[in-house]
Amino acid sequence: MPDENMTTNDPNYDNTTMDDSVRQDTGTTVSQVVAEERQPEQPYEHMTFANNDYTRVETYAKHLSQEDAHGRSYTPTAYPITDQHQTVRQPGMGPYGQAPAPRPPERKGPRTAAIALLAVVLLLVFGTGLFAGWQYGRTSTLPAQTTTEKKGLQSDNNGQVTIPSLTDNNIQTVREAVIASVQPAVVQITTDSGLGSGIVIDKRGYIVTNYHVVEKAKSLSVKFLDGSQKSATLVGTDATDDLAVLKITPTTSLTTANLGDSSTLKVGQEVLAIGNPLGNSNTVTQGIISALGRNVSEDSTATLPNTIQTDAPINPGNSGGALVDLTGKVIGMPTLVAINSEYNTPANGVGYAIPSNRVKFIAQQIINDGKVTHTGRAALNVTVQGINANVAQTNGLAVSQGVLVVQVTPGGSADKAGIQVNDVIVQVDGKAVTDASTLSDALLSKDVGQQVSLKIYRGNQQMTINVTLGELQAQNS
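Its first residue numbered 1, the sequence shown is counted upward by one per residue in full-length UniProt numbering.
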């Protein structure tokens, strides 16, 4: 598993924040980067790249000494931010799940203030119970339960409400019908460390949620709309996509959600978010689809591609719940909300959901095999380091902008194409690569087996190399 890039005094409590600027590498050699990969305190930026996923192993940061909502000290780490590719932080949670109190404003010059306006980060919307703090990091999960039945999802529409067609005069009636139809399929998931939401997607008792909701969980309990509760087991997880599947043993007929086709969504259409924010069960909020195709990074565990941005209010505890259209179809899973790092307060109306097509693709594999067997994501299979003038001078590079290849996966797509350690990638299919994030973004729309053209520098020689992308390996746990 990749190293985490967070620094904290409590190994069971991870609480990070962002700062306005990121220090640059000032002379770390390639050999040092490779040798120091397992030393998380060494200062360099080091990322593993694939189509829709890269891992931030370590990044330079300007550190601040702070305390979390429980008075425990921690050292936050800053991340670089780009417009289309944002990075998540996991802040501590205070009583009843509220975010820590905002820091008082500081006087800043024009440059600092301008940078601060761009410093929007993301928060996993996993409710942590009444007095629990955020938990972060990878641990072993509960034993996986598999099934040998390789079938499609089995739904049961008994008792579901008929949703009328939308007209100019019946919008409220339609909303009420949608809520009545979907709410019974949205459950509250309680673990020994917190709570979140989940969606019943199969009448045999399969429930899909976010991986970060059940991460580290030693016990799992599911509460339904009628107040009944069931213990649950973990079938399998996919940390790369932040998804997990649980199973209960149903004693009555279950209402299942109808997963819609997220590829048909349009910006501006109305949506409802159904979940359990801040421990408030069966909460519904309303908004629209604000944007499509947003690529956002949670942390070192996952980069979520093509997410749905919505202004429907999403809060801690909504994670794993349902984003629903006005036909009653689940079209996304709320997972992240944006946080203004300047004052540690929510950026109102900026939430992100995993598209339903991705949820369906991953969940079906976990139900059938207990794990993800095919990610469907293209991979370049290299590890790279962002460069600047100092890095270029230290390593004798011909250019000071791009990414330096520090590791090539043996037998991977880049290796087969002839990419070597010390190569500097400066373009992908004619698009400039200025840093690690732009390389990741350039690959997000590519498919497994698709050929891409890389412009690289090897020493002082400029070269163009065609690479046939492979498939990203699943991060099952």
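Just so you know, even glycine gets a beta-carbon here, dropped at the ideal spot from N, CA and C.
Have a look at G470, G196, G328, A398 and flag the residue whose alpha-carbon is nearest the alpha-carbon of G449. G470
Name, in chain order, the residues that DSSP records as bridge partners for E471. Beta-bridge pairing links E471 to A378.
Unbroken alpha helix (DSSP H) run spanning residue 492, endpoints: Nothing about residue 492 can be read from this structure; the chain reaches only from 1 to 477.
Beta-bridge pairing of T304 - partner residues as DSSP gives them: The sequence given here places Leu at residue 304; Thr does not occur at that position. Note: L304 sits in a beta bridge opposite V296.
Contacting residues, own chain, Cβ-Cβ under 8 Å from G260 (five flanking each side not counted): D325, T327, K329, V330, I331, S356
Could you round the C-beta distance between Y352 and T307 to whole angstroms and report it? I think they count as a contact, below 8 Å. Confirmed, about 4 Å.
Would you kindly work out how many angstroms separate the C-alpha atoms of T173 and G376, rounded to a whole number? 39 Å
In chain order, what residues of the same chain lie with their CB nearer than 7 Å to the CB of E41, ignoring the 5 residues before and after it? Residue confidence for E41 is low, a pLDDT of 38 falling below 50, so the modelled location carries little weight and cannot support an answer.
Assigned secondary structure, T173 (DSSP; H/G/I helix, E/B strand, else coil): T173: helix per DSSP, three-state reduction.
Close-in-space but distant-in-sequence residues of the same chain around K108 (CB under 6 Å, 5 per side omitted): Unreliable placement is indicated for K108, whose pLDDT of 37 sits below 50; the coordinate value is still reported in the next sentence. If we look at K108 and ignore the five residues flanking it on each side, it has no Cβ neighbours.
Check whether the segment 451–470 and the segment 399–415 touch, using three or more Cβ-Cβ pairs below 8 Å as the test. Yes, the segment 451–470 touches the segment 399–415.
Are the beta-carbon atoms belonging to S290 and Q309 less than 8 Å from one another? It is a contact, given that the beta carbons lie within the stated cut-off.
Along the chain, where does the alpha helix (DSSP H) containing D238 start, and where does it finish? From DSSP, D238 is part of no alpha helix (DSSP H) but of the beta strand (DSSP E) over 233–238.
How would you call A244, buried or exposed, if buried means at least 16 neighbouring beta carbons within 10 angstroms? Buried, because 16 or more other Cβ atoms sit within 10 Å of the Cβ of A244.
Determine the closest residue to T383 out of Q364, V424, K446, with distance taken between C-alpha atoms. V424
Say the cut is 7 Å; is the CB of S341 nearer than that to a heavy atom of the ligand ZN? In the structure on display, the ligand ZN does not appear, and there are no ligands present to speak of.
DSSP three-state call for M463: helix, strand or coil? Shown here, M463 sits in a strand according to DSSP, grouped into three states.
Can you confirm whether the segment 398–406 touches the segment 421–437 when touching is taken to mean that 3 or more C-beta pairs between the two stretches lie within less than 8 Å? The count of Cβ pairs closer than 8 Å, one atom from the segment 421–437 and one from the segment 398–406, reaches three, so the stretches are in contact.
Distance check for I288 and P316, CA to CA, integer angstroms please. 19 Å
Look at the Cβ atom of V213, then the Cβ atom of I189, and state whether they are nearer than 8 Å. Going by C-beta atoms, V213 is nearer than 8 Å to I189.
Here's the rule I'm using: 16 or more other beta-carbon atoms within 10 Å means buried, otherwise exposed. How should Q475 be labelled? By the 10 Å Cβ count, Q475 comes out buried.
Let's test the definition: count the other Cβ atoms within 10 Å of the Cβ of G268 and tell me whether it reaches 16, buried, or not, exposed. exposed
Taking the straight line between their C-alpha atoms, what separation do you get for G196 and Q473? 27 Å
May I have the straight-line CA-CA distance separating A35 from Q385, to the nearest angstrom? The predicted position of A35 is uncertain, since its pLDDT is 33 and thus under 50; no value can be drawn from it.
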